[in-house]
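Colleague: Chains as they are written, first to last, in full-length UniProt numbering: chain A, 1 to 352; chain B, 1 to 352; chain C, 1 to 352; chain D, 1 to 352. Structure below; questions to follow.
There are 4 protein chains.
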Amino acid sequence: MIVITSNTTPEEQIADIVRVIEKEGLQASVSKGADRTVIGLIGQVNPQLAEHLRQMKGVENVVKITKSYKLASRDFHPENTVIKIKGVEIGGDELVVMGGPCAVESPEQIDEIAGLVKAAGGQVLRGGAFKPRTGPYSFQGIGVEGLIMMAEAGQKHGLLTITEVMTPEYVDICAEYADILQVGTRNMQNFDLLRKLGTCGKPVLLKRGFSATYDELLNAAEYILAGGNPDVMLCERGIRTFESYTRNTLDLSAIPVLQQLSHLPVISDPSHGTGRRELVEPMSKASVAAGANGLIIEMHTDPDNSMTGDGVQSLFPDQFAALLKDLEKLAPLVGRTFSTSKAPAEAFKVGV
Amino acid sequence: MIVITSNTTPEEQIADIVRVIEKEGLQASVSKGADRTVIGLIGQVNPQLAEHLRQMKGVENVVKITKSYKLASRDFHPENTVIKIKGVEIGGDELVVMGGPCAVESPEQIDEIAGLVKAAGGQVLRGGAFKPRTGPYSFQGIGVEGLIMMAEAGQKHGLLTITEVMTPEYVDICAEYADILQVGTRNMQNFDLLRKLGTCGKPVLLKRGFSATYDELLNAAEYILAGGNPDVMLCERGIRTFESYTRNTLDLSAIPVLQQLSHLPVISDPSHGTGRRELVEPMSKASVAAGANGLIIEMHTDPDNSMTGDGVQSLFPDQFAALLKDLEKLAPLVGRTFSTSKAPAEAFKVGV
Amino acid sequence: MIVITSNTTPEEQIADIVRVIEKEGLQASVSKGADRTVIGLIGQVNPQLAEHLRQMKGVENVVKITKSYKLASRDFHPENTVIKIKGVEIGGDELVVMGGPCAVESPEQIDEIAGLVKAAGGQVLRGGAFKPRTGPYSFQGIGVEGLIMMAEAGQKHGLLTITEVMTPEYVDICAEYADILQVGTRNMQNFDLLRKLGTCGKPVLLKRGFSATYDELLNAAEYILAGGNPDVMLCERGIRTFESYTRNTLDLSAIPVLQQLSHLPVISDPSHGTGRRELVEPMSKASVAAGANGLIIEMHTDPDNSMTGDGVQSLFPDQFAALLKDLEKLAPLVGRTFSTSKAPAEAFKVGV
Amino acid sequence: MIVITSNTTPEEQIADIVRVIEKEGLQASVSKGADRTVIGLIGQVNPQLAEHLRQMKGVENVVKITKSYKLASRDFHPENTVIKIKGVEIGGDELVVMGGPCAVESPEQIDEIAGLVKAAGGQVLRGGAFKPRTGPYSFQGIGVEGLIMMAEAGQKHGLLTITEVMTPEYVDICAEYADILQVGTRNMQNFDLLRKLGTCGKPVLLKRGFSATYDELLNAAEYILAGGNPDVMLCERGIRTFESYTRNTLDLSAIPVLQQLSHLPVISDPSHGTGRRELVEPMSKASVAAGANGLIIEMHTDPDNSMTGDGVQSLFPDQFAALLKDLEKLAPLVGRTFSTSKAPAEAFKVGV
């Protein structure tokens, strides 16, 4: 950490600053510049000291030069984290595609969609049992029953499952039924939830808050990692900007940046990231080209009648299958493997 | 709600749209314009229908013309909500000032600060027992003990108390000790927490998410109101913008806008809204001039050594007292009453 | 300036960095920290060197600790700049109110409005002769004729005049007729225009770009000051955020921040800053409470028929007059003087 | 256009609204809904009327349902615009790559870089002769001399040239020397410049303002098109958000959205869009995957010593060549053609 003084700071104030630093058992390294003096701190600095210094007379700025997260940092863990679940590897060479409806609606619905996801080449079934909704009068999900339906559909079709958990008290039950637990954008800084996920024993997909910086996302991941759970995926799902044509602005630079700052896998969500079905295909391809380890995509057999009203961003099954065919060609160009070969053509009689 | 078709939508698609509307038991009112046809829906529209229509062929846009919140809306409740707690009225003519440290640190600290808040003319003691922190390694508050210390200090000095509650499981204990429960900016859309607060029996101060729209804030309030708790205050505490000189951009237009859209009291938080001590005074005055029903201000006897490091935005006691003296003159100019007369001058021997 | 190296930077790279610094005739002050080395630069650093260093192997960050503007900085010019024009002082104790229509429409219109501005206590008549418009098919202003009409109205009623200039070639003609030239938000970084204004001989009101940082605004002012024109006012007029209920988000913290960083007067524009008539009154008061040196407010006798369609944010004359009466009481509470005594009551028969 | 009244608007106010509409020679189509009345306008509506209506008593909202730009709209011009310059087609199947330094520095520099751009497979040489700079003390470009150097280098190596023009008075000289004129992000709404470009006789690349909406960008293009120049390319170059790790947030959704709303070619600028060299490669690939018609990329033989200090975002020649090799494989997957076959391997002895 560095303390920058103003150009009018007298010697005795600089001496005060040095005294405060040394009182904490740290060394102070003073450099006199052309127009101001800079004091470097040597040793482990606690945040209170930083703020204390920031407020001292004569101090213009205090600059942190080390990151506030450790376990999530690539400095600390240079190798990529590869999360292995029942034969699927997330964070390695394989491109992982998660597909499914916004919300689980019925056993038939989730079974049919699971079959289509599998047939198209997807490895993970997504679906919401508990739904976060802006207003209290919107459909809030069907709850635990939905978890069970999804687990059965996943098992039958040979797919992993991922579902959102919204509150600490539901972590255990979600962890019982799902292979991956998802933290939604509004809960990225629900710290009690993050702490609970640190001990849940299942991998976690952590969505970036729609106004969270990269640094805040990595600090949120740190909560889970610090709890003892090493299996965290980061998910870019669009940020809030002044542009209102798209629901969010999908920030694809987040993919290479997060992979550089951290060793954790990075997943892109072009469905929520754009909010418009016609943009899911180009933004999925762009995400893979930017280096994403995986995609999470909404798909529905009857999006016009989806229960959440998020159908507007869901692909039809044939669009989903066609996209995955295209990704099969695109992935190798950026060092990823992806195969749709498990997909028998006849699977698509259903649906579309 | 209105459905807008594109300029090339053929008659049969318009007929399809009308059929879908009528199937739901609603009336469709078709107006043919110069370059497109617009269809109005008459009757109560559910959100799924809206989204269904949005995705139909030939539909360019669907415009909602009614608000998604009801109980929070001034249309529904034209009179101001005035929250009465032990003789203090929030939302009426009185300007309410809440002051205190970021975090409760010790019985002596909170007692001393409570005395200074009271002496300066404040009516409410603020202080955090549970603290939301971006990273897991920062000080997280002293917990239930802090609640007790604060309750005692409030009682001794004749102040109401307000404290943040971060998770549903702590609502009951916080409601036992504090007069007002606060929802922090990161929890504005923690829907389980909001639901629990709907039945907690204590008034709630709901902070705007740092990237929440007015509409989302009012929908979050709706969750609490819909649970049966009518005593909600809205709090503007700064939004996230591209400007990084201030920690947030305090959006004072929110004050008159929220008072126009809603009947709930609006409180301003210039401490978090700016993140800089020297801006608290001008932004407090500006908040009152813009019509705020109250202010929530951080004050600390020794901000340089506060445990959270938020001291950088805390006023010193003498600054706090001087500000309240100024507000006493300013308030009547905008139709508010505020008196510091309870403040004996000698109270300020302590502190600074 | 400070160069921060990463924790793995070897000694020879640090030596390289020092060599580059010394080659430029500067001194390098090396401090070895617990986990990284920091190198301070002593002497005048040019921007190319900064960027060169930023890209060198082993460099993690380069932090500027001096501001890029000089003449606009309070460090350089500690006293407030007070701009004196025909007896009006802008930047001193006096609160200055500029009022008038969005666009000059006819001699009668501007004459009537000028009478009302004067009667209410305003000191400056605003009005656009050249209008910047988002689309090419909107009304673009009446041009030079409008300048003449405005100059005549100002002279007759004893008001200064301010008008926007959009392109370098019109600076001379605008400077001939108007007392103050205004740079609009879209032109804040029209550098050729700024350079030309540096030699125009008239005071300039420089509006903040709707996405400009404080630093960029002060650098834009620096262009004008560096050209030899010391009479620059800064104007906060709202920034673009995700909130779309208001046209812009008026950032009132800009007022005290700019006054702290710079010696130039700061004017607030609550009309464009909110885009809604009903918010102009509370935001005008809030601006003054925050310390603004002046206000620029749209007022129109018949806003529903204004030629630009900006009438939606224009006050009616009686609202304008009532606001100024209120400001007369508010101003002294924040150390400003303002008098409406020149306003004979009968002047308001006209208007609404 | 649609006028929406509030739920309490009495009949006589609705009659007033209808009267105002009919006075303008338009038809009013009144639909009474369950809780409010909606009035559709049939005929060509001018903006003043819209605003007039918005302010009338009883009106809650006025919704525009047609776009404000026409010539730029795909509704008006369904086929893609393909701009043909000396055998290069921009906007058709071909992927167009523009490369070169931020600023032209010397005949040798631009000649060497032109050779490398050509060798790598680029079709257009970029380079700034006039540079927009935030502060007045930064290097401002070498001016007309630079134009001549660039024209010579382009001619020698068989490349088109593109350069930025900042002010109307330089349009003619730039048009004399360059094949494509570029409007920078800060000038997107410099309307006099746009008007002048409407008659300049050369294709224009129009960069999106860093806080401009899609709608504003298309309106700015409309200024040029309305002046008689049909050859406009739109350029996404990053928008300003709260995230400060990257210089801007490259909004790749803009590519498919603009191609859907407009027929004009869309170019991506990953250099300015990220401001970081290591992100240029993944974001270039992502841009092509999202459907971009072309890329504009900074490349420099000695970025550490570039005169503008923008070297931090410039690729080294070997990185540029390797990227284009990769794009050659990627382009066909999204329906574009691109060939680097003109690039003899030995050309790259120079440079790195």
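Ideal Cβ placement from N, Cα and C applies to all residues, glycine included.
Can you tell me whether V288(B) is helix, strand or coil according to DSSP?
Modeller: Three-state DSSP puts V288(B) in a helix.
Colleague: Could you name the residues that DSSP lists as bridge partners for A322(A)?
Modeller: Its beta-bridge partners do not exist; DSSP assigns none.
Colleague: Going by CA-CA distance only, name the one from D179(D), I110(D) and S138(D) that's closest to G146(D).
Modeller: Ranking the options by Cα distance to G146(D), first place goes to I110(D).
Colleague: CA-CA distance, G201(C) and Q123(C)?
Modeller: Their Cα atoms are separated by approximately 20 Å.
Colleague: I believe T163(C) touches D192(D) by the beta-carbon criterion, under 8 Å. Please report the beta-carbon distance rounded to the nearest angstrom.
Modeller: No, T163(C) and D192(D) are not in contact; Cβ-Cβ is about 16 Å, not under 8 Å.
Colleague: Just the chain A side, please: which residues come within less than 7 Å of A226(B) by C-beta, in chain order?
Modeller: Here the neighbours are P136.
Colleague: Should L181(D) and A286(A) be called a contact, given that it needs their Cβ atoms to be closer than 8 Å?
Modeller: For L181(D) and A286(A), no; Cβs fall outside 8 Å.
Colleague: I'd like to confirm the pairing. Which residues does DSSP put opposite M299(B) in its beta bridges?
Modeller: According to DSSP, which records beta bridges pairwise, M299(B) is partnered with L315(B).
Colleague: Could you tell me which chain A residues have their CB closer than 7 Å to the CB of V326(C), listed as they occur along the chain?
Modeller: For the record, residue 326(C) in the displayed sequence is Asp; it is not Val. Under the 7 Å cutoff, chain A gives no residues; its nearest Cβ is about 33 Å from D326(C).
Colleague: For G91(B), return the contacting residues in chain C, with the cut-off set at a CB-CB distance below 7 Å.
Modeller: Here the premise fails: no neighbours, minimum Cβ distance about 17 Å.
Colleague: Under a Cβ-count criterion, where at least 16 other Cβ atoms within 10 Å of its own Cβ denotes burial, should R36(B) be classed as buried or exposed?
Modeller: Buried: at least 16 other Cβ atoms inside 10 Å.
Colleague: Would you mind reading off the limits of the beta strand (DSSP E) that contains A28(C)?
Modeller: Segment Q27 to K32, the beta strand (DSSP E) holding A28(C).
Colleague: Show which residues of chain B have a CB atom less than 7 Å away from the CB atom of G311(A).
Modeller: Per Cβ cutoff of 7 Å: E51 and Q55.
Colleague: Since A212(B) and A153(B) should fall inside the 8 Å C-beta cutoff, what is the C-beta to C-beta distance between them, to a whole number of angstroms?
Modeller: Not confirmed; about 32 Å, so no contact.
Colleague: Would you mind giving the Cβ-Cβ distance between V45(B) and L26(B), rounded to the nearest angstrom? I have them listed as a contact below 8 Å.
Modeller: With 8 Å as the limit, V45(B) and L26(B) qualify as a contact, their Cβ atoms being about 7 Å apart.
Colleague: Check V165(A) in the structure and name its three-state DSSP category.
Modeller: Correct three-state label for V165(A): coil.
Colleague: Short of 6 Å in beta carbon distance, which residues of its chain neighbour D179(C), apart from the five on each side in sequence? Order them along the chain.
Modeller: Cβ neighbours of D179(C) beyond the five flanking positions: I85, L160 and T161.
Colleague: Can you tell me whether Q189(C) is buried or exposed? The criterion is at least 16 other CB atoms within 10 Å of its CB, across all chains shown.
Modeller: With 16 or more Cβ atoms within 10 Å of its Cβ, Q189(C) is classed as buried.
Colleague: So is F242(C) in contact with chain A if we call contact Cβ pairs under 8 Å?
Modeller: Answer yes: the Cβ-Cβ gap between F242(C) and chain A drops below 8 Å somewhere.
Colleague: Cβ closer than 8 Å: which chain C residues qualify as neighbours of M1(B)?
Modeller: Those within 8 Å of M1(B) in chain C number zero; the least Cβ separation is about 19 Å.
Colleague: Since Y245(C) meets chain B, which of its residues come closer than 8 Å, beta carbon to beta carbon?
Modeller: Those within 8 Å of Y245(C) in chain B are T213, Y214, D215 and V257.
Colleague: Is any beta-carbon of chain A found at less than 8 Å from that of N46(C)?
Modeller: With 8 Å as the cut-off, N46(C) does not count as an interface residue toward chain A.
Colleague: Output yes if chain B places a C-beta closer than 8 Å to the C-beta of F191(A); else output no.
Modeller: At least one chain B Cβ lies under 8 Å of F191(A).
Colleague: In three-state DSSP terms, what is R126(C)?
Modeller: Correct three-state label for R126(C): strand.
Colleague: Can you check whether the C-beta of E346(A) is within less than 8 Å of a C-beta belonging to chain D?
Modeller: Reliability of the predicted coordinates at E346(A) is poor, the pLDDT of 38 falling under 50, and no value is obtained from them.
Colleague: Taking CB distances under 8 Å as the criterion, tell me whether S68(D) reaches chain C.
Modeller: Yes, S68(D) lies at the interface with chain C (some Cβ there is under 8 Å from its Cβ).
Colleague: In whole angstroms, what separates the C-alpha of G351(C) from that of L323(C)?
Modeller: Residue placement at G351(C) cannot be trusted, given a pLDDT of 31 that sits under 50; the coordinates are not used to answer.
Colleague: Does any CB atom of chain A fall closer than 8 Å to the CB of E222(B)?
Modeller: With 8 Å as the cut-off, E222(B) counts as an interface residue toward chain A.
Colleague: For residue 358(C), go through chain D and note every residue whose CB falls closer than 8 Å to its CB, in chain order.
Modeller: This structure cannot settle anything about residue 358(C), because the visible part of chain C is limited to 1 through 352.
Colleague: Which of the three DSSP states is assigned to Q189(D) in this structure?
Modeller: Three-state DSSP puts Q189(D) in coil, outside helix and strand.
Colleague: State the Cα-Cα distance for the pair F210(B) and L197(B), rounded to the nearest angstrom.
Modeller: Looking at the two C-alpha atoms, the distance is approximately 20 Å.
Colleague: In whole angstroms, give me the CA-to-CA distance for L217(C) and Y69(C).
Modeller: Rounded to the nearest angstrom, the two C-alpha atoms are 10 Å apart.
Colleague: If the criterion is Cβ atoms closer than 8 Å, does the pair L330(D) and L333(A) meet it?
Modeller: Yes, these two residues count as a Cβ contact at 8 Å.
Colleague: Quick check for students: name the residue ranges of the alpha helix (DSSP H) that lie wholly in the stretch 66-140 of chain C, counting only runs of 4 or more.
Modeller: You should have 107-120.
Colleague: Tell me the DSSP secondary structure of R174(D) in three-state form.
Modeller: It is worth fixing the name first, because residue 174(D) is Cys in this sequence and not Arg. Helix.
Colleague: On a Cα-Cα basis, can you pick out the residue from V183(B), A119(B), E112(B) and K156(B) that is closest to Q131(B)?
Modeller: The sequence shown places Lys at residue 131(B), rather than the Gln named in the question. The shortest C-alpha separation from K131(B) is found at V183(B).
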